[in-house]
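>
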Amino acid sequence: MQVSVEKTSELSRKMTVSIPDAVVQEKMETRFKKLAREVKVDGFRPGKVPASMVKKLYADRVRNEVTGDLIQSTYFEALQQQDLNPAGHPHIHPTEKAEGFEYIAEFEVYPEIVLDGVSALKVDRPSATVEEADVDNMIEKLRQQKKTWNTVERASQDADRVTIHFSGVADGENFTDGKVENYQVEIGGKQMIPGFEDELKGLVAGASKTFSVTFPEQYNSEKLAGKVAEFEIELVKVEEPVLPVVDAEFIKAYGVEDGDAASFRSDVRANMERELNQGLKNKLKNAVMDALYENIVITMPNALVDQEIQALMKPYAERAKNMRLKLEDLNLPRDAFEAQAKRRVALGLILGEIIQKNDIKVDADKVRAVIDDMAKSYERPEDVVNWYYADKAWLNDVQQMVLEDQAVAWIVSQAKITDVTVGFDDVMEKQ
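Take the sequence shown: its letter number 30 is residue 30 in full-length UniProt numbering, and every next letter is one higher.
#1: Mind the definition here: the segment 245 to 261 touches the segment 91 to 99 only if three or more C-beta pairs lie below 8 Å; say whether that holds.
#2: Could you work out which residue in 237, 121, 69 and 193 is closest to residue 221 when comparing CA atoms only?
#3: Run the CB neighbour count on residue 168, radius 10 Å, all protein chains shown included, and call it buried at 16 or more, exposed below.
#4: On the premise that residue 233 lies in contact with residue 208, defined as a C-beta separation below 8 Å, what is that separation, rounded to the nearest angstrom?
#5: Please go through the segment 396 to 429 and give each complete beta strand (DSSP E) segment of 3 or more residues, from N-terminal end onward.
#6: Pull the bridge partners of residue 174 from the DSSP assignment, please.
#7: What are the uninterrupted segments assigned as beta strand (DSSP E) that are 3 or more residues long and contained completely in the segment 252 to 311, given in chain order?
#8: If I follow the unbroken alpha helix (DSSP H) through residue 32, where does it start and stop?
#9: My output table needs one value for residue 60: the three-state DSSP class, helix, strand or coil.
#10: Going residue by residue through the segment 187 to 242, where are the continuous beta strand (DSSP E) segments of at least 3 residues, counting only ones entirely within it?
#11: Since residue 104 sits in a beta bridge, which residues does DSSP pair it with?
#12: Please report the distance separating the alpha-carbon of residue 403 from that of residue 363.
#13: What residues in its chain sit with their C-beta under 7 Å from that of residue 472, if we drop five residues either side in the sequence?
#14: Does the count of Cβ pairs from the segment 293 to 307 and the segment 109 to 119 closer than 8 Å reach three?
#15: Residue 132 to residue 419, Cα distance in whole Å?
#16: Report the CB separation of residue 163 from residue 183 in whole angstroms; it is logged as a contact under 8 Å.
#17: To the nearest angstrom, how far is it from the Cα of residue 270 to the Cα of residue 373?
#18: According to the neighbour-count rule (16 or more other Cβ atoms, all chains shown, within 10 Å of its Cβ), is residue 86 buried or exposed?
#19: Just tell me which of 214, 92, 265 and 203 has its CA closest to the CA of residue 170.
#20: Just the Cα atoms here: how many angstroms apart are residue 347 and residue 289?
#21: In the DSSP output, which residue or residues are listed as bridge partners for residue 151?
#22: Would you please state the rounded distance, in angstroms, between the beta carbons of residue 304 and residue 125? I believe it to be under 8 Å.
#23: To the nearest angstrom, how far is it from the Cα of residue 106 to the Cα of residue 353?
#24: Three or more C-beta pairs closer than 8 Å, one from the segment 137 to 145 and one from the segment 383 to 400: is that the case here?
#25: How big is the Cα-Cα spacing for residue 173 and residue 216?
#26: Provide the residue span of the beta strand (DSSP E) that contains residue 141, from first to last.
#27: Taking buried to mean at least 16 other C-beta atoms within 10 Å of its own C-beta, is residue 357 buried or exposed?
#28: Leaving out five residues before and five after residue 280 in sequence, what residues of the same chain have Cβ atoms less than 8 Å from its Cβ?
#29: To which residues of the same chain is residue 49 closer than 7 Å at the C-beta, ignoring the five residues directly before and after it?
#30: Quick check on residue 391: buried or exposed, where buried means 16 or more other Cβ atoms within 10 Å of its Cβ?
#31: Measuring straight from C-alpha to C-alpha, what distance separates residue 67 and residue 307?
#32: Going by C-alpha to C-alpha distance, which of 322, 145 and 65 sits closest to residue 244?
#33: With DSSP collapsed to three states, give me the class of residue 184.
#34: Could you tell me the distance, in whole angstroms, from the CA atom of residue 224 to the CA atom of residue 231?
#35: What is the residue span of the beta strand (DSSP E) that residue 373 lies within?
#36: Exposed or buried, which one is residue 74 when buried takes at least 16 other CB atoms within 10 Å?
Next up, the structure:
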């Protein structure tokens with residue numbers, strides 16, 4: 001076997017593999033002999049078909065089978081011989097060679113990654129504590145979750161819930177499929193497009209109103225994005241929120257069996273501190289990833305970016321299938337996923353290089369600690385732990401997450417870190 005490699009771009013390679021005719025003929029002869037014992041031809045007993053006839057009848061089929069096998073058996077051997085590490089699947093096609101067999105494999109290789117810049121990375125590490133005011137705010141949010149509604153005979157205002165009938169028209173076309181009836185809107189809840197809820201203030205039950213609002217440019221319906229719409233509404237009912245008292249009954253509903261206010265507050269704080277610790281960890285990890293992506297520049301294999309784009313589009317493809325549509329019907333532009341795909345590929349390659357170069361091994365104790373923490377929120381934590389360790393796929397996911405966290409910890413140990421104090425809400429936003 002002869003192998004030659006041509007570098008067609010920074011990452012692209014064109015590998016030509018030539019196999020001597022003697023090897024091809026030997027393998028074909030072996031296949032012909034096997035066929036002669038198996039094939040049935042009119043006029044001949046099984047196993048008695050002349051070799052010349054077998055060759056005449058099955059020459060093309062046998063050659064295709066043999067060359068296919070040769071590609072499979074020699075491709076990885078050729079890569080090893082040339083010390084090549086392909087990224088993604090190759091494009092393989094035979095050449096028109098008179099003797100023997102020759103094929104060309106075109107593929108991309110992984111880029112060389114220089115990690116010298118890690119020590120120069122500048123990363124802000126956030127720190128925060130749970131203050132009494134934060135606990136007060138959280139308890140208020142819990143009250144909001146349990147609020148009830150009381151019908152009132154007054155004009156609507158902020159925080160009220162109103163029930164409306166409405167219809168909407170844009171470019172002379174009704175886009176609400178007639179009139180939507182008995183639709184509930186919490187004023188200030190931001191469930192409607194900007195400006196709509198403001199128009200619902202100051203109205204009493206039975207009132208009607210017509211107004212215009214412009215849909216956002218980035219609205220999820222291309223037909224309505226950026227369009228001015230005219231709405232007609234009829235207000236059916238106004239309700240004001242009624243917040244529950246933080247009493248024993250309220251407290252027990254959140255799992256504090258003794259209904260004690262001090263125990264409840266302590267429990268809320270403990271949950272907040274657990275969430276804060278995870279939030280701080282995520283913030284630091286994101287800051288590290290941003291610094292890596294901005295400062296460690298690599299050339300990315302197109303094949304890996306294409307694979308990542310396909311992975312990002314998969315949920316949309318499944319949604320289209322459920323709606324009995326084709327993915328193309330959703331009109332999703334490829335470039336909408338490209339930036340995210342490139343970031344994920346780049347960071348995956350950089351972290352992989354850091355893990356390999358520094359021989360970072362997954363810490364089994366850390367894996368167990370993560371699984372134990374995830375199991376805490378279940379009624380029978382020990383069953384959850386056993387389930388993770390019994391399922392290799394789920395366990396592998398946790399191991400990969402821990403390994404990535406260990407790589408981030410190594411980067412933090414090398415980079416220039418500045419500690420920054422922030423508030424609880426600053427950490428938890430968008431978590």
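No residue lacks a Cβ here, since even glycine has one placed at the ideal position from N, Cα and C.
Let me spell this out:
#1: For the pair of segments examined, the segment 245 to 261 was found not to touch the segment 91 to 99: the number of CB pairs separated by less than 8 Å stays below three.
#2: The residue given as residue 221 occupies position 221 in the sequence shown. Residue nearest to residue 221 within the set 237, 121, 69 and 193 is 193 (criterion: CA-CA distance).
#3: Against the sequence shown, residue 168 aligns to sequence position 168. Classification of residue 168: buried, given that the 10 Å Cβ count is 16 or more.
#4: Residue numbering aside, residue 208 sits at position 208 when the sequence shown is read from its first letter. Residue numbering aside, residue 233 sits at position 233 when the sequence shown is read from its first letter. The C-beta separation of residue 208 from residue 233 comes to about 7 Å, placing the pair in contact by the 8 Å criterion.
#5: Those beta strand (DSSP E) runs which fall completely within the segment 396 to 429 and span 3+ residues are 416 to 421.
#6: The sequence position of residue 174 within the sequence shown is 174, counting from 1. Answer is 169, bridged to residue 174.
#7: Counting whole runs of 3 or more residues, the segment 252 to 311 contains no beta strand (DSSP E) stretch at all.
#8: Translated into positions along the sequence shown, residue 32 becomes position 32. Boundaries of the alpha helix (DSSP H) around residue 32: 21 to 38.
#9: As a working note, residue 60 is residue 60 in the sequence shown. In the structure shown, residue 60 falls within a helical segment according to DSSP collapsed to helix, strand and coil.
#10: List check, beta strand (DSSP E) in window: 208 to 214 and 228 to 242.
#11: In the sequence shown, counting from the first residue as 1, residue 104 sits at position 104. Paired residues: 16 and 93.
#12: Your numbering for residue 403 matches position 403 in the sequence shown. Your numbering for residue 363 matches position 363 in the sequence shown. Cα to Cα, residue 403 sits roughly 8 Å from residue 363.
#13: Nothing about residue 472 can be reported from this structure: the residues present for the chain run from 1 to 431 only.
#14: With the cut-off at 8 Å, the segment 293 to 307 and the segment 109 to 119 touch.
#15: Residue numbering aside, residue 132 sits at position 132 when the sequence shown is read from its first letter. Residue numbering aside, residue 419 sits at position 419 when the sequence shown is read from its first letter. Taking the straight line joining both Cα atoms gives about 23 Å.
#16: In the sequence shown, the residue the question calls residue 163 occupies position 163. In the sequence shown, the residue the question calls residue 183 occupies position 183. Sure, about 7 Å apart at Cβ, within 8 Å.
#17: Taking the sequence shown and counting its residues from 1, the one referred to as residue 270 is at position 270. Taking the sequence shown and counting its residues from 1, the one referred to as residue 373 is at position 373. Going from the Cα of residue 270 to the Cα of residue 373 covers about 13 Å.
#18: Within the sequence shown, numbered from 1, the residue matching residue 86 stands at position 86. Counting every other CB atom within 10 Å of its CB across the protein chains shown gives residue 86 a total of 16 or more, marking it as buried.
#19: Within the sequence shown, the letter at position 170 stands for residue 170. Residue 214 holds the alpha-carbon nearest to the alpha-carbon of residue 170 among 214, 92, 265 and 203.
#20: Residue numbering aside, residue 347 sits at position 347 when the sequence shown is read from its first letter. Residue numbering aside, residue 289 sits at position 289 when the sequence shown is read from its first letter. Distance between the alpha carbons of residue 347 and residue 289 is about 7 Å.
#21: The residue given as residue 151 occupies position 151 in the sequence shown. 239.
#22: Residue numbering aside, residue 304 sits at position 304 when the sequence shown is read from its first letter. Residue numbering aside, residue 125 sits at position 125 when the sequence shown is read from its first letter. At roughly 30 Å, the Cβ-Cβ gap does not stay under 8 Å, so residue 304 and residue 125 are not in contact.
#23: Taking the sequence shown and counting its residues from 1, the one referred to as residue 106 is at position 106. Taking the sequence shown and counting its residues from 1, the one referred to as residue 353 is at position 353. For residue 106 and residue 353, the distance between alpha carbons rounds to 24 Å.
#24: No, the segment 137 to 145 is not in contact with the segment 383 to 400.
#25: Numbered from 1 along the sequence shown, position 173 holds the residue referred to as residue 173. Numbered from 1 along the sequence shown, position 216 holds the residue referred to as residue 216. Roughly 18 Å separates the two Cα atoms.
#26: In the sequence shown, counting from the first residue as 1, residue 141 sits at position 141. Run containing residue 141: none in the beta strand (DSSP E); it sits in the alpha helix (DSSP H), 132 to 145.
#27: The residue given as residue 357 occupies position 357 in the sequence shown. Exposed, because fewer than 16 other Cβ atoms sit within 10 Å of the Cβ of residue 357.
#28: Within the sequence shown, the letter at position 280 stands for residue 280. The residues are 126, 127, 128 and 427.
#29: Counted from its first residue, the sequence shown places residue 49 at position 49. Around residue 49, the same chain offers 36, 39 and 41 as residues with beta carbons nearer than 7 Å, after the five sequence neighbours per side are excluded.
#30: Walking along the sequence shown from the start, residue 391 turns up at place 391. Exposed, because fewer than 16 other Cβ atoms sit within 10 Å of the Cβ of residue 391.
#31: The residue labelled residue 67 in the question sits at position 67 within the sequence shown. The residue labelled residue 307 in the question sits at position 307 within the sequence shown. Answer to the nearest angstrom: the Cα atoms are 28 Å apart.
#32: The sequence position of residue 244 within the sequence shown is 244, counting from 1. Comparing Cα-Cα distances from residue 244 to each of 322, 145 and 65, the minimum goes to 145.
#33: The count along the sequence shown starts at 1 and reaches residue 184 at position 184. Three-state DSSP puts residue 184 in a strand.
#34: For this step, residue 224 is matched to residue 224 along the sequence shown. For this step, residue 231 is matched to residue 231 along the sequence shown. Separation of residue 224 and residue 231 (C-alpha to C-alpha, rounded to the nearest whole angstrom) is 13 Å.
#35: One-based indexing of the sequence shown puts residue 373 at position 373. It is not in any beta strand (DSSP E) - residue 373 instead sits in the alpha helix (DSSP H) that spans 364 to 375.
#36: Within the sequence shown, numbered from 1, the residue matching residue 74 stands at position 74. Flag for residue 74 reads buried.
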